[in-house]
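The structure appears right after this line, and notes come after that.
There are 2 protein chains.
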Amino acid sequence: MASGLGDLRTVVISVGNELLFGSTVDTNSAWLGRELAALGLPVSRRYTVRDDADEIRAAVAAGMSCSELVLVTGGLGPTHDDITRGTVSEMLGLPLKVDPGRLLQLQERFRQRGYDVLPEANRSQAEIPEGACVLDNPLGTAPGLAMESDGVLLVLLPGVPREMRAIFGGDLGALLRDRFSGRLAPVVHRMLHTTGVPESKLAEVIRAAFPDPAAYLGDGMSMAFLPDLRGVDLRLSVAHASAGEAESALNRAESALAPLVAPWRFDSESGDLAEAVLVALRRGRNTLAVAESCTAGIVSTRLTEHAGSSDVFVGGVVAYSNGVKQALLGVTTVALESGGAVSEVVAQQMALGVREAVGADVGVAITGIAGPGGGSQEKPIGTVWLAVSTDGGVRTECVLFTGDREAVRERAAQAALSLVLASVGHPSSRH
Amino acid sequence: MASGLGDLRTVVISVGNELLFGSTVDTNSAWLGRELAALGLPVSRRYTVRDDADEIRAAVAAGMSCSELVLVTGGLGPTHDDITRGTVSEMLGLPLKVDPGRLLQLQERFRQRGYDVLPEANRSQAEIPEGACVLDNPLGTAPGLAMESDGVLLVLLPGVPREMRAIFGGDLGALLRDRFSGRLAPVVHRMLHTTGVPESKLAEVIRAAFPDPAAYLGDGMSMAFLPDLRGVDLRLSVAHASAGEAESALNRAESALAPLVAPWRFDSESGDLAEAVLVALRRGRNTLAVAESCTAGIVSTRLTEHAGSSDVFVGGVVAYSNGVKQALLGVTTVALESGGAVSEVVAQQMALGVREAVGADVGVAITGIAGPGGGSQEKPIGTVWLAVSTDGGVRTECVLFTGDREAVRERAAQAALSLVLASVGHPSSRH
Chain R
7 MASGLGDLRT
17 VVISVGNELL
27 FGSTVDTNSA
37 WLGRELAALG
47 LPVSRRYTVR
57 DDADEIRAAV
67 AAGMSCSELV
77 LVTGGLGPTH
87 DDITRGTVSE
97 MLGLPLKVDP
107 GRLLQLQERF
117 RQRGYDVLPE
127 ANRSQAEIPE
137 GACVLDNPLG
147 TAPGLAMESD
157 GVLLVLLPGV
167 PREMRAIFGG
177 DLGALLRDRF
187 SGRLAPVVHR
197 MLHTTGVPES
207 KLAEVIRAAF
217 PDPAAYLGDG
227 MSMAFLPDLR
237 GVDLRLSVAH
247 ASAGEAESAL
257 NRAESALAPL
267 VAPWRFDSES
277 GDLAEAVLVA
287 LRRGRNTLAV
297 AESCTAGIVS
307 TRLTEHAGSS
317 DVFVGGVVAY
327 SNGVKQALLG
337 VTTVALESGG
347 AVSEVVAQQM
357 ALGVREAVGA
367 DVGVAITGIA
377 GPGGGSQEKP
387 IGTVWLAVST
397 DGGVRTECVL
407 FTGDREAVRE
417 RAAQAALSLV
427 LASVGHPSSR
437 H
Chain L
7 MASGLGDLRT
17 VVISVGNELL
27 FGSTVDTNSA
37 WLGRELAALG
47 LPVSRRYTVR
57 DDADEIRAAV
67 AAGMSCSELV
77 LVTGGLGPTH
87 DDITRGTVSE
97 MLGLPLKVDP
107 GRLLQLQERF
117 RQRGYDVLPE
127 ANRSQAEIPE
137 GACVLDNPLG
147 TAPGLAMESD
157 GVLLVLLPGV
167 PREMRAIFGG
177 DLGALLRDRF
187 SGRLAPVVHR
197 MLHTTGVPES
207 KLAEVIRAAF
217 PDPAAYLGDG
227 MSMAFLPDLR
237 GVDLRLSVAH
247 ASAGEAESAL
257 NRAESALAPL
267 VAPWRFDSES
277 GDLAEAVLVA
287 LRRGRNTLAV
297 AESCTAGIVS
307 TRLTEHAGSS
317 DVFVGGVVAY
327 SNGVKQALLG
337 VTTVALESGG
347 AVSEVVAQQM
357 ALGVREAVGA
367 DVGVAITGIA
377 GPGGGSQEKP
387 IGTVWLAVST
397 DGGVRTECVL
407 FTGDREAVRE
417 RAAQAALSLV
427 LASVGHPSSR
437 H
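Protein sequence lines correspond, in order, to chains R and L. Okay, so the first sequence: first residue is 7 according to our numbering, each after it adds one. Okay, so the second sequence: first residue is 7 according to our numbering, each after it adds one.
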């Protein structure tokens with residue numbers, strides 16, 4: 007049945023020499039793949055082509071011949087190699103016309119940036135193919151464009167990831183839901199976030215409890231392990247015509263898995279452990295100060311990525327050199343000389359010191375060896391001491407992280423957030 | 007001329023549901039793009055298809071019709087959804103035959119892993135299309151396979167990135183150099199890094215000086231604008247039979263562009279402005295301390311991403327709350343009450359304060375409104391005050407950044423690094 011539920015397929019076309027040259031990794035496509043599947047419009051094919059009119063035409067024609075929805079990303083910028091808009095509008099016989107409203111908007115945007123006149127190069131971004139629907143780009147100068155042709159919806163999006171995502175999250179999502187309404191079988195996901203456990207260990211624990219995945223995954227449900235430097239997310243996915251049925255199936259699977267992953271699980275809307283820490287701090291009416299040596303600002307940066315963090319996060323010290331550890335955190339010469347900068351005592355003094363220096367309820371400290379230099383037989387690269395100081399006392403932890411400099415720093419920051427959550431997350435841990 | 011130098015084009019086909027579904031970001035393609043371009047076999051098109059025989063056949067046929075080299079990655083594993091080998095061998099009429107040598111090798115490999123018998127699923131990995139050349143995989147059980155058909159070289163590679171890379175670095179690289187010998191024109195790149203200027207402005211400046219790109223781009227040379235939140239890179243690319251010729255052509259283009267981009271240009275091996283700042287600090291034997299409010303650790307994190315930064319970067323203060331600005335940086339109540347936390351005086355006091363608190367030669371401070379809350383008519387979201395304090399005095403700058411919270415923070419951090427570079431980069435700026 008050509009118009010049945012769940013038969014919708016999407017073709018994505020990525021335009022850009024830099025993608026084929028490999029100077030840019032195409033993260034847009036994976037993001038679009040997830041979002042489109044969630045909407046019920048799974049991607050069936052992807053073409054990546056050069057900034058070349060013949061190549062773009064061939065890919066668009068191929069996409070339109072096998073799909074009802076073709077998304078093209080890239081090539082909407084203001085420079086000479088951005089030719090997607092012109093090529094597609096010519097191909098579909100929709101002449102480009104300057105949109106007066108768009109032009110005013112662009113002029114205003116550039117005035118705010120301090121330009122008296124709109125650069126000539128940006129004028130082309132006010133040109134709209136006749137009859138096209140303009141999709142607002144809240145983060146840039148190139149709007150998205152949607153056109154109907156031969157029963158196919160063709161959408162042009164800028165290649166800049168954050169702009170593409172913003173358009174998808176706004177006008178485009180609404181348009182797709184409306185255009186394909188009644189025919190979408192959305193894939194519904196449920197995420198279980200974990201940290202501090204390797205993917206292989208998680209898989210083993212689950213396999214030991216359920217040798218047959220059918221015992222916890224219902225009909226048509228799949229589970230994916232999504233690991234990164236911060237942890238492993240378990241993603242349960244199921245396509246259903248009814249959201250209620252999908253919810254019940256996901257609830258059953260989550261109930262079966264919950265006791266197995268409990269030791270490493272955290273809850274967070276965004277999937278970011280820093281957000282879970284902020285929520286826990288707010289709940290306990292605690293403020294937090296951070297002292298970072300090897301992570302040098304990663305923990306503070308992550309906490310402040312979330313708007314409104316200033317109600318519980320006050321700041322802290324990047325104590326990269328021993329001099330700063332002593333001058334601002336009161337770390338003692340004795341501690342530095344006896345155990346070295348990467349030691350339990352120094353971590354304790356840093357956590358206590360930052361808490362006192364800024365008058366916060368909780369202080370967390372990280373000191374470690376991120377590499378590539380600085381390792382020794384006794385303290386190899388990846389050795390990190392963590393400490394959390396509260397009214398209840400100081401809690402410390404030593405971890406040996408694997409990986410390169412970037413991996414050690416990311417993992418150490420994540421472990422520090424974990425230790426804060428463990429220290430303030432449960433009322434019983436505060437005396 | 008069909009067999010001339012530089013006319014070689016490659017088609018890459020990535021096979022895998024997880025790529026289209028978006029659970030995996032396709033990093034293989036970017037890596038292959040770089041390696042193939044460097045070899046002189048630039049990728050002209052990329053197809054991404056499902057683990058489906060019809061889809062694989064259609065993509066291989068399309069690739070073979072427009073190219074002399076088709077690389078297929080993915081679908082060579084031992085599980086039921088790995089169908090690339092079987093589909094392609096059937097399509098080309100090359101029956102699969104068990105290769106006795108491969109079979110022994112596989113059995114040996116599994117014995118080493120502690121298996122008495124080769125799992126049935128892995129037996130298929132000893133099957134080779136008749137006449138195919140086996141490309142050794144030193145890191146896994148699926149070898150690469152190379153086949154000639156209708157004048158096209160078709161290569162199958164496993165999708166696991168490290169295995170794919172190992173095969174390319176070994177047998178496949180040698181095979182390609184040999185097969186296309188005398189016709190390879192490797193592509194050489196040159197990067198010009200800029201910051202603090204929008205892409206459209208750069209394009210306009212260059213167009214104003216050279217209405218005809220041929221005036222600065224030599225024969226066969228192309229230039230791409232690669233913008234992100236931190237700045238715009240200009241990438242010059244040229245394919246040449248001789249590396250010396252390529253260098254001369256790139257030198258000529260760079261000389262023509264250099265005076266135009268000079269106001270915004272910086273030099274850095276990695277392309278990161280933070281690295282340029284570290285180099286300038288080292289050259290002037292200066293140490294740096296950082297006081298961050300709205301960026302809350304981004305500048306410190308970026309500086310310390312580079313190993314060895316501890317010789318010039320000492321640390322600093324994340325002064326998110328006013329209390330921390332006062333307690334650790336000596337910001338005065340008068341300054342906070344008269345101009346507010348986002349003001350020139352507070353930025354000056356922060357820069358001077360952090361420099362004195364930790365005894366550094368240079369202090370840099372950032373205080374601003376990242377949003378989404380906190381903006382006002384007088385100080386809209388995106389308003390950021392920057393200050394750099396050196397022996398020569400304090401230099402300040404106020405910038406109104408566009409974009410969301412993430413963009414304002416990234417751009418403010420980049421502008422702070424720029425101001426440090428301007429303050430210490432030229433010996434004349436130090437008294």
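Built from N, CA and C at the ideal position, the CB exists for glycine as well. Please read these numbers as outputs of a predicted model, since none were measured by experiment.
- Non-local C-beta neighbours of Gly80 of chain R in its own chain, meaning closer than 7 angstroms and more than five positions away in sequence, comprise Ser20, Val21, Gly22, Thr90, Gly165, ordered along the chain.
- Residues of the stretch 212 to 231 of chain L with a Cβ closer than 7 angstroms to any Cβ of chain R, in chain order: Ala230, Phe231.
- Within a 10 Å sphere around the beta-carbon of Arg52 of chain L sit 16 or more other beta-carbons, which makes this residue buried.
- By the Cβ-count criterion, Tyr326 of chain L is buried, with 16 or more other Cβ atoms from all chains shown falling within 10 Å of its own Cβ.
- Ser243 of chain R and Val323 of chain L have their C-alpha atoms some 44 angstroms from each other.
- Looking at the DSSP output, Tyr53 of chain R shares a beta bridge with R:Ile19, L:Tyr53.
- Sixteen is the threshold: when 16 or more other Cβ atoms of the shown chains lie within 10 Å of the Cβ of Ala366 of chain R, as they do, the residue is buried.
- Listed by position along chain L, the residues whose Cβ is nearer than 8 angstroms to that of Gln118 of chain R are Leu406, Thr408.
- Looking from the CA of Gly237 of chain R, the closest CA among R:Ala43, R:Val17, R:Val194, R:Ala419 belongs to R:Ala419.
- Under the three-state reduction of DSSP output, Pro233 of chain R falls in the strand class.
- Nearest CB-CB separation between Ile372 of chain R and chain L: not below the 9 angstroms threshold.
- Nearest to Asn292 of chain L by alpha-carbon distance, out of L:Ala64, L:Arg15, L:Val430, is L:Val430.
- Burial of Gly377 of chain R is indicated by the presence of at least 16 other C-beta atoms within 10 angstroms of its C-beta.
- According to DSSP, His199 of chain R shares a beta bridge with R:Asp239, R:Phe272.
- Annotation: the continuous alpha helix (DSSP H) that includes Leu38 of chain R extends over 33 to 45.
- Under the DSSP assignment, Arg411 of chain L falls in the alpha helix (DSSP H) whose first and last residues are 411 to 430.
- Of all residues in the stretch 286 to 304 of chain L, those with a C-beta nearer than 9 angstroms to a C-beta of chain R are Thr293, Ala295, Val296, Glu298, Ser299, Cys300, Thr301, Ala302, Gly303, Ile304, reading in chain order.
- DSSP places Ser248 of chain R in the coil class of the three-state scheme, outside both helix and strand.
- In terms of CA proximity to Pro125 of chain R, R:Gln113 leads the group R:Ala341, R:Leu392, R:Gln113.
- Rounded to the nearest whole angstrom, the CA to CA distance from Cys300 of chain R to Val360 of chain R is 16 angstroms.
- Of the candidates R:Ala297, R:Leu279, R:Asp397, R:Ala214, the residue whose Cα lies closest to the Cα of Leu266 of chain R is R:Ala214.
- Contact of Pro378 of chain R with chain L by beta-carbon distance below 8 angstroms involves Ala313.
- Asp177 of chain R sits close to Asp142 of chain R, with the two beta carbons spaced by under 9 angstroms.
- By the Cβ rule, the stretch 42 to 49 of chain R counts as touching the stretch 185 to 204 of chain R, because three or more pairs are nearer than 8 angstroms.
- Contact annotation: in the stretch 18 to 45 of chain R, residues whose CB is within less than 9 angstroms of a CB in chain L are Val18, Ser20, Gly22, Asn23, Glu24, Leu25, Leu26, Phe27, Gly28, Ser29, Thr30, Val31, Asp32, Thr33, Ser35, Ala36, Trp37, Leu38, Gly39, Arg40, Glu41, Leu42, Ala43.
- Interface flag for Gly321 of chain L against chain R is set, since a Cβ pair is found closer than 9 angstroms.
- Non-local beta-carbon contacts of Leu208 of chain L in its own chain, meaning distances under 8 angstroms to residues more than five positions away in sequence, involve Thr200, Phe231, Val238, Leu240, Val267, Trp270 in chain order.
- An exposed status is given to Ala313 of chain R, since fewer than 16 other beta-carbon atoms sit within 10 Å of its beta-carbon.
- Cβ atoms of Val405 of chain R and Ala421 of chain R come within 8 angstroms of each other, at about 6 angstroms.
- Following the DSSP letters along the chain, one finds Gly92 of chain R inside the alpha helix (DSSP H) bounded by residues 90 to 98.
- Scanning L:Val76, L:Phe174, L:Pro219, L:Leu145 for the CA closest to the CA of Gln111 of chain L turns up L:Leu145.
- In the structure shown, Glu311 of chain L adopts coil according to DSSP, grouped into three states.
- For the alpha helix (DSSP H) assignment, the uninterrupted runs of no fewer than 4 residues enclosed by the stretch 310 to 342 of chain R are, from N- to C-terminal side, 328 to 335.
- Membership of Ser206 of chain L in the alpha helix (DSSP H) is indicated by the continuous run 205 to 215.
- Here DSSP, grouped into helix, strand and coil, assigns Val140 of chain R to strand.
- Under the criterion of beta carbons closer than 8 angstroms, Pro149 of chain L and Leu100 of chain L do not qualify as touching, at roughly 15 angstroms.
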